[in-house]
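**Q** Count the sequence shown with the numbering used here and you get residues 703 to 796, in order. Ideal Cβ placement from N, Cα and C applies to all residues, glycine included. Please read all numbers here as calculations on a predicted model, not as lab measurements.
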Amino acid sequence: MFEFSEGCDMAISYNKLWKLLIDKKMSTAELRKAADIAPNTLTRMKRDQEVTMQVLERICEVLHADFGEIVEYLSDEDNEQLPLSEQGSSNHLL
703 MFEFSEGCDM
713 AISYNKLWKL
723 LIDKKMSTAE
733 LRKAADIAPN
743 TLTRMKRDQE
753 VTMQVLERIC
763 EVLHADFGEI
773 VEYLSDEDNE
783 QLPLSEQGSS
793 NHLL
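#1: Beta strand (DSSP E) containing Glu774: first to last residue?
#2: With DSSP collapsed to three states, give me the class of Glu705.
#3: Determine the direct distance from the alpha carbon of Val757 to that of Leu739, and round the result to whole angstroms.
#4: So Ala767 is in the alpha helix (DSSP H); what residue range does that whole segment cover?
#5: Throw me the rounded Cβ distance for the Val773 and Tyr716 pair, which I believe falls under 8 Å.
#6: So what does Asn713 bridge to, in DSSP terms?
#7: For Arg760, name the three-state secondary structure that DSSP assigns.
#8: Name the two residues that bound the continuous alpha helix (DSSP H) containing Ala736.
As C-alpha cells, this is what we get:
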C-alpha cells in the first residue's frame, strides 16, 4: 500500500492485467517469459503488491497496452467495497 504526502492511502490492483491476459489468451507463464519477469515479481503482482515501473513498462510493451490498462489504483474506500477475495490478494491460474 502506498501512502502519499497528504496521508491518502492507495492500493494497487492488477485485475485489469489478468483480464487483459484472458482476452489475449495469454497465460501468466507466457507473459513472464515474454516480458522477462522474475517468478517472485509475478507472485508480488498476484498479491497486488508494488513492482518497479520497469516491469510495468515491459508488460505494456509485450501486451501493446498502456499503464491504465494493466494497473488500477484504489483508495481505501474503493478497496473496502471490493469483495474480500479481491482485497490485496488475487488467485489466478498460471
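**A** Judging by the given coordinates:
#1: In the sequence shown, residue 774 corresponds to position 72, counting from 1. Where Glu774 is concerned, the enclosing beta strand (DSSP E) stretches over Glu774 to Ser777.
#2: Reading the sequence shown from its first residue, position 3 is the one you call residue 705. Bear in mind that the predicted position of Glu705 carries a pLDDT of just 44, short of 50, making it too unreliable to give a figure here.
#3: Residue mapping note: residue 739 aligns to position 37 of the sequence shown, counting from 1. Residue mapping note: residue 757 aligns to position 55 of the sequence shown, counting from 1. Strictly speaking, residue 739 in this sequence is Ile, with Leu absent from that position. In this structure, the CA atom of Ile739 is about 7 Å from the CA atom of Val757.
#4: On the sequence shown, position 65 is the one that residue 767 refers to. Per DSSP, Ala767 lies in no alpha helix (DSSP H) segment and is marked neither H nor E.
#5: Taking the sequence shown and counting its residues from 1, the one referred to as residue 773 is at position 71. Taking the sequence shown and counting its residues from 1, the one referred to as residue 716 is at position 14. Right, their Cβ atoms sit about 6 Å apart.
#6: Along the sequence shown, read from residue 1 onward, the residue named residue 713 stands at position 11. For clarity, residue 713 is Ala in the given sequence; the question names Asn instead. According to DSSP, which records beta bridges pairwise, Ala713 is partnered with Leu776.
#7: The residue given as residue 760 occupies position 58 in the sequence shown. The three-state reading of DSSP puts Arg760 in helix, counting H, G and I together.
#8: One-based indexing of the sequence shown puts residue 736 at position 34. It spans Thr730 to Ala736 - the alpha helix (DSSP H) in which Ala736 sits, taken as one unbroken run.
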